[in-house]
Amino acid sequence: MSVRTINIKADLPSLDEARRAVIAEIRRARQDGVRVLKVIHGYGSSGKGGKLCVGLRKSFGLRKKEGVIRDFVAGEDFSIFNNTTLRLLEAAPELGGDPDLGAVNEGVTVVWLQ
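Take 588 as the starting number for the sequence shown in this note's numbering and just add one per residue.
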């Protein structure tokens, strides 16, 4: 299986707890040969992006700079019109059937592992 979905928001974690959970899941996914991690973090109830959404995406940017992940795509950009998504679809073709592809879902982020 080259794609795994994790629901971070389900346990209503703090941002620090969510970051730790995602890092642990990235490690597990790599060990299991997973290439893409779809993280469900929710968008927040304020209508302008919650702490998990904003904070985790910031963390993904740092993990990319550190070389921990290859890249990531915000759910609202996860479409066939996005270059990173197109490269992800080549690496993991089963993403083509993902219900969030083209759905402009701000509550998810798709992470491409190294």
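Every residue gets a Cβ at the ideal spot worked out from N, C-alpha and C, and that includes glycine. Fair warning: this is a prediction, and the values are worked out from it, not measured in the lab.
**Q.** Contacting residues, own chain, Cβ-Cβ under 7 Å from Ala608 (five flanking each side not counted)
**A.** Excluding sequence neighbours, Ala608 sits near Ile595, Pro600.
**Q.** Cβ pair Arg657, Ala616 closer than 9 Å
**A.** No, Cβ-Cβ distance for Arg657 and Ala616 is not below 9 Å.
Q) Roughly how far, in whole angstroms, is the beta-carbon of Phe665 from the beta-carbon of Val623, given that I think they are within contact range, below 8 Å? A) Contact between Phe665 and Val623 does not hold, since their C-beta atoms are separated by about 11 Å, which reaches or exceeds 8 Å.
Q | Rounded distance between the beta-carbons of Gly642 and Gly629, thought under 8 Å | A | Between Gly642 and Gly629 the Cβ distance is about 12 Å, and since that is not below 8 Å, they are no contact.
Q) Cβ of Leu779 within 9 Å of Cβ of Ala611? A) The structure shown does not extend to residue 779, since the chain is modelled only from 588 through 701, so no value can be given for it.
Q: Let me know if Asp619 comes out buried or exposed under the rule of 16 or more other beta-carbons within 10 Å of its beta-carbon.
A: Note on Asp619: under 16 other CB atoms within 10 angstroms of its CB, so exposed under the neighbour-count rule.
Q: Identify which residue in Pro680, Ala679, Gly662 has its Cα closest to the Cα of Glu693.
A: Of Pro680, Ala679, Gly662, the residue nearest in Cα terms is Gly662.
Q.
Taking the straight line between their C-alpha atoms, what separation do you get for Leu676 and Lys645?
A. So the two alpha carbons sit approximately 23 Å from each other.
Q.
Can you check which of these residues, Asp598, Asp603, Gly689, is closest to Phe668 by C-alpha distance?
A. Among Asp598, Asp603, Gly689, the Cα nearest to that of Phe668 belongs to Gly689.
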